[in-house]
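Protein chains in written order, with our numbering: chain A, 1 to 340; chain B, 341 to 680.
Ideal placement from N, C-alpha and C gives every residue a C-beta, glycine not left out.
Rendered as structure tokens:
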């Protein structure tokens, strides 16, 4: 009984779709206007089959889109409006059925929750800050865009050079602490310091690095310290950070952030590099770009185990050459729904 | 004389930057607050060097960002405001100098002109239409997003299935024309048609295809016909088109369009495919995705000579899994600045 009801529903819907096509055809008169060709019975049968048998029917959607496309060419406004209204009503009914005409979601709830530009799904927590992580291919003006964006939004800006300065301060503080503790613990320490002054700079450097990084290679220790700094900063301030795998670092710590990859075709980046670095050979600039991209990719994969530059790893990728620097800033602001 | 003036200007700017750091440091009191360490003379010297010698100085920008970052931590609001205002004034003066502190543009004017979401640079022509080209990796819900977007914007929707229907109509019309012309030109044609009915369906099909596609392989002929259709449609209507290298086709014809690539991590797409197609093995779904992606990549590269899915080839790439279908539609609308 219930099945017969559903069957009747589908037949009814199929008839409405077919009739809509007929009306659209009559209103345009174009020979291309008619979407359903052949006998009405056969078409209705096929529509019912699509409605019942096929889940996620791309074909059914195509049938509907085809009819709607024809309707939109109707010149008479009241007719067009009436037929579009019938089309929308059919679409709504399809969606309300449990025929799975409704799309299957692709969302990764865990990732989406960390994406602050995802406003309708995401309720920002009380102490949550706006953090924008920019990865970029070499000479794609990603740094310029990041700096201009931070400046425009009046929020902090971190890139390798800024972070280096911060790491230096952290290192110096650690050195001082270390020396102070040694002096306290070891009465012979003063002598050891004197000794250290006598050994070569290189050796002294090695000793100092060992004490700073607990024996880790400098790159790993820097990564560790930068990660720690960014995770702490994310608790207290808004910022833009360029590079340093910040997206992966924040994702690992479940800190909401917007991740964006900026690139442009290689030839344009080479030309950009020629201008910024005063390189006079295009070939040389292309080589430099390829070298730096390889370095970036290695660094990113080493610390994140993800593929650098693959669009599925970021919320969004932007081609800076099709916007330019200022408009890239505007586009990012529109996406995260922030105005000045 | 003029040189001395510029030199003095730089010295003056360097002093202002240094003094700003000092003031910021005094207002925070933090040991990490002071950005410039060492003698004032040495720092000023270094700043002047950055201002004069290095074009596009990333270091100079880093120095400024570091000072600004400290200023933003100042708790006293009037002090913070005063120092930020001095910071902005320094930034403006730097930009107004011809010291090339200003960023070097990466924009490709030709591409940017074709990008309708690039509003501040782009003045739409009188008869220009909103055309959104969506490329997508397999099972990234790119089709769902495209359909929902077209529906939301009340504009036409074309994908492979819709376009197949249109191609069929075009083919039928061509067949009819061809037969009519043959009948007119050749009195023996009626006999030939009779003959054709006697040969196998396969042979008849080959003959018909040859007449339709002028001897081109079907794939090439379809590509040609779809290209022709899209270029014509772009003159009269707004639309969303999914796949079919539409971005490259429209770019070749200098038709403004917004090009977007939709993807998601492969494992999520496999799970999506399992749900939509009722596949029960994750491994099988992963294989299917890899197969279809390879097909898409081959098709795209064959007709465009560009790399499919490389972010530098589109205006923008979107990770559907970090937005979901509905929010992806919203994000695209925000980017192109269209509301319902």
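CA-to-CA distance, residue j to residue i, given in whole angstroms
i: residue 245 of chain A; j: residue 305 of chain A; result: 11 Å
i: residue 453 of chain B; j: residue 491 of chain B; result: 26 Å
i: residue 86 of chain A; j: residue 19 of chain A; result: 10 Å
i: residue 622 of chain B; j: residue 565 of chain B; result: 37 Å
i: residue 412 of chain B; j: residue 157 of chain A; result: 11 Å
i: residue 657 of chain B; j: residue 277 of chain A; result: 29 Å
i: residue 286 of chain A; j: residue 170 of chain A; result: 37 Å
i: residue 4 of chain A; j: residue 26 of chain A; result: 33 Å
i: residue 299 of chain A; j: residue 163 of chain A; result: 16 Å
i: residue 11 of chain A; j: residue 51 of chain A; result: 9 Å
i: residue 238 of chain A; j: residue 652 of chain B; result: 28 Å
i: residue 383 of chain B; j: residue 241 of chain A; result: 26 Å
i: residue 70 of chain A; j: residue 487 of chain B; result: 16 Å
i: residue 133 of chain A; j: residue 145 of chain A; result: 12 Å
i: residue 562 of chain B; j: residue 257 of chain A; result: 44 Å
i: residue 376 of chain B; j: residue 323 of chain A; result: 36 Å
i: residue 697 of chain B; j: residue 567 of chain B; result: Lying outside 341 to 680, the shown extent of chain B, residue 697 of chain B is not represented and no answer is given.
i: residue 81 of chain A; j: residue 65 of chain A; result: 16 Å
i: residue 605 of chain B; j: residue 482 of chain B; result: 13 Å
i: residue 128 of chain A; j: residue 336 of chain A; result: 14 Å
i: residue 309 of chain A; j: residue 159 of chain A; result: 18 Å
i: residue 489 of chain B; j: residue 667 of chain B; result: 10 Å
i: residue 628 of chain B; j: residue 389 of chain B; result: 58 Å
i: residue 108 of chain A; j: residue 513 of chain B; result: 46 Å
i: residue 307 of chain A; j: residue 8 of chain A; result: 51 Å
i: residue 381 of chain B; j: residue 660 of chain B; result: 54 Å
i: residue 455 of chain B; j: residue 655 of chain B; result: 7 Å
i: residue 45 of chain A; j: residue 641 of chain B; result: 39 Å
i: residue 615 of chain B; j: residue 103 of chain A; result: 10 Å
i: residue 303 of chain A; j: residue 247 of chain A; result: 11 Å
i: residue 16 of chain A; j: residue 493 of chain B; result: 23 Å
i: residue 437 of chain B; j: residue 387 of chain B; result: 15 Å
Assigned secondary structure, residue i (DSSP; H/G/I helix, E/B strand, else coil)
i: residue 413 of chain B; result: coil
i: residue 294 of chain A; result: helix
i: residue 320 of chain A; result: helix
i: residue 229 of chain A; result: helix
i: residue 259 of chain A; result: strand
i: residue 48 of chain A; result: helix
i: residue 647 of chain B; result: coil
i: residue 36 of chain A; result: coil
i: residue 506 of chain B; result: helix
i: residue 136 of chain A; result: strand
i: residue 430 of chain B; result: helix
i: residue 104 of chain A; result: coil
i: residue 654 of chain B; result: coil
i: residue 9 of chain A; result: helix
i: residue 357 of chain B; result: helix
i: residue 496 of chain B; result: strand
i: residue 676 of chain B; result: coil
i: residue 471 of chain B; result: strand
Any non-hydrogen atom of the ligand ADP closer than 7 Å to residue i Cβ
i: residue 227 of chain A; result: As for the ligand ADP, it is missing from this structure, which has no ligand bound.
For residue j and residue i, believed in contact at Cβ under 8 Å, the rounded distance
i: residue 571 of chain B; j: residue 593 of chain B; result: 5 Å
i: residue 105 of chain A; j: residue 665 of chain B; result: 6 Å
i: residue 255 of chain A; j: residue 131 of chain A; result: 7 Å
i: residue 93 of chain A; j: residue 13 of chain A; result: 6 Å
i: residue 83 of chain A; j: residue 74 of chain A; result: 7 Å
i: residue 250 of chain A; j: residue 233 of chain A; result: Not quite, the Cβ-Cβ distance comes to about 10 Å (not below 8 Å), so this is no contact.
inquiry  = Closer than 8 Å is the cut-off here; do at least three beta carbon pairs connect the region 269-279 of chain A with the region 130-143 of chain A?
reply    = yes
task = Inspect the CB distances between the region 632-652 of chain B and the region 287-297 of chain A and report whether three or more fall short of 8 Å.
result = no
message = Any C-beta of chain A within less than 7 Å: which residues of the region 622-648 of chain B qualify?
response = none
ask   = Are the region 427-438 of chain B and the region 353-368 of chain B touching by the rule of at least three beta carbon pairs closer than 8 Å?
value = yes
task = Name, going along the chain, the residues of the region 582-594 of chain B whose beta-carbon falls closer than 8 Å to a beta-carbon of chain A.
result = none
message = Beta carbons nearer than 9 Å to chain A: which residues of the region 647-663 of chain B have them?
response = 649, 650, 651, 652, 653, 654, 655, 656, 657, 658, 659, 660, 661, 662, 663
query = Residues in the region 11-27 of chain A with C-beta within 8 Å of chain B's C-beta atoms, listed in sequence order?
reply = none
request  = Return the residues of the region 415-427 of chain B that lie within a Cβ-Cβ distance of less than 9 Å from chain A, sorted by chain order.
outcome  = 424
query = What residues in the region 262-274 of chain A bring their beta carbon closer than 8 Å to a beta carbon of chain B?
reply = 263, 264, 265, 266, 268, 269, 272
Residues from the region 551-576 of chain B in contact with chain A, defined by Cβ distance under 8 Å = none
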